[in-house]
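Top line first, the protein sequences correspond to chains A and B. Counted from 1, the first sequence has number 40 at position 41 by numbering that gives the first Met the number 0; the numbering is strictly sequential. Counted from 1, the second sequence has number 76 at position 77 by numbering that gives the first Met the number 0; the numbering is strictly sequential. Cβ atoms here follow ideal geometry from the backbone N, Cα and C, with glycine treated the same way. What follows is a single structure, written as structure tokens, with notes after it.
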Amino acid sequence: MTILIVILAGGAFFCLYRALKGPSIPDRVIAVDIMSVIFTSITALVALKYKLAYLLDLSIALAIISFVGTLALAKYLEGRSLDD
Amino acid sequence: MTSFIGWASIVVGVGFTLLGCLGLVRFPDLYNRMQAATKCVTLGTCGIMFGIFLLSGFNALGIKALVCAVFVLITVPVAAHALGRGALVFGVKLWKGTVKDQFTEDRGGESIVDTGAADKPEET
């Protein structure tokens with residue numbers, strides 16, 4: 000179980016490399032989005048390990064926040080307003 | 000048997016997620032990177048959540064994991080699609096081996112193809 004969490008954290012470090020080095024703005028945005036989805040998985044595995052059901056609420060909230068943030072940045076890159 | 004299937008699902012999901020992150024580092028282009036990362040991480044997260052549901056059964060942990068899996072399965076591809084469209088309109092260059100750009104052709108524009116100038120080492 001701990002080994003799986005460590006492997007996922009290594010994947011998050013790959014995303015962090017791309018977010019720091021990415022040549023363009025959408026590279027950084029997609030790297031942060033993928034990193035938040037990986038944190039969702041890590042939170043779920045910690046919830047399974049310690050049998051804490053309320054940690055999955057945190058997981059669902061993290062997925063919602065990353066979705067809304069990525070969508071807003073995509074609209075900003077496209078040059079349109081948010082209600083278009 | 001259910002426990003074995005659950006653990007196998009979690010391990011396969013972690014493997015898919017790690018390969019997706021490796022694709023995020025290794026692929027040459029924004030669109031290729033987005034393709035690899037988004038699909039692999041979506042399937043991997045759904046595998047992990049389904050494995051947690053199988054391991055814990057019908058209690059609060061399992062049902063919340065199932066809800067989270069459905070939510071991730073819906074939202075991540077939508078966000079990546081919107082971001083890819085936004086990046087193409089924003090002017091991110093395509094890879095030099097790109098075969099077709101149907102979106103720009105339909106809008107009557109000229110595709111911005113990377114001619115290899117970005118392959119050189121960065122100045123920073």
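Between the alpha carbons of Met-0/B and Lys-50/A lies a gap of roughly 21 Å. Within chain B, the residues whose beta carbon sits less than 7 Å from that of Leu-55/A are Leu-60, Lys-63, Ala-64, Cys-67, listed in sequence order. When Gly-56/B, Phe-70/B, Phe-15/B, Leu-54/B are compared, the shortest CA-CA separation from Ser-58/A is found for Phe-70/B. Leaving aside the five residues that flank Gly-83/B on each side, the residues in its chain whose CB is nearer than 7 Å to its CB run, in chain order, Tyr-30, Met-33.
Taking a Cβ-Cβ threshold of 7 Å, the residues of chain A close to Ala-86/B are Pro-25, Leu-76, in chain order. Shown here, Leu-51/A sits in coil according to DSSP, grouped into three states, outside any helix or strand. One alpha carbon belongs to Trp-6/B, the other to Ile-6/A, and they sit about 15 Å apart. Residue Cys-20/B holds the alpha-carbon nearest to the alpha-carbon of Gly-43/B among Ala-59/B, Asp-105/B, Cys-20/B, Phe-3/B. The three-state reading of DSSP puts Val-11/B in helix, counting H, G and I together. Of the residues assessed, Arg-25/B falls on the exposed side of the cut-off, its CB having fewer than 16 other CB atoms within 10 angstroms.
Among the CB atoms of chain B, one or more fall inside 7 Å of the CB of Val-36/A.
Going by C-alpha positions, Ser-23/A is about 21 Å away from Val-36/A.
If you draw a straight line from the Cα of Asp-105/B to the Cα of Lys-99/B, it is about 12 Å long.
For Tyr-49/A, none of the residues of chain B pass the 8 Å Cβ criterion, the least Cβ distance being about 11 Å.
Residues of chain A whose Cβ lies closer than 8 Å to the Cβ of Ile-47/B are, in chain order, Ser-40, Ala-43, Leu-44. Residues of the same chain with a CB within less than 7 Å of the CB of Leu-18/B, apart from the 5 flanking positions on each side, are Cys-39 in chain order. Within the segment 8-33 of chain A, Gly-9, Gly-10, Ala-11, Phe-12, Phe-13, Cys-14, Tyr-16, Arg-17, Lys-20, Gly-21, Pro-22, Ser-23, Ile-24, Pro-25, Asp-26, Val-28, Ile-29, Ala-30, Asp-32, Ile-33 place their CB atoms closer than 9 Å to a CB of chain B, listed in sequence order.
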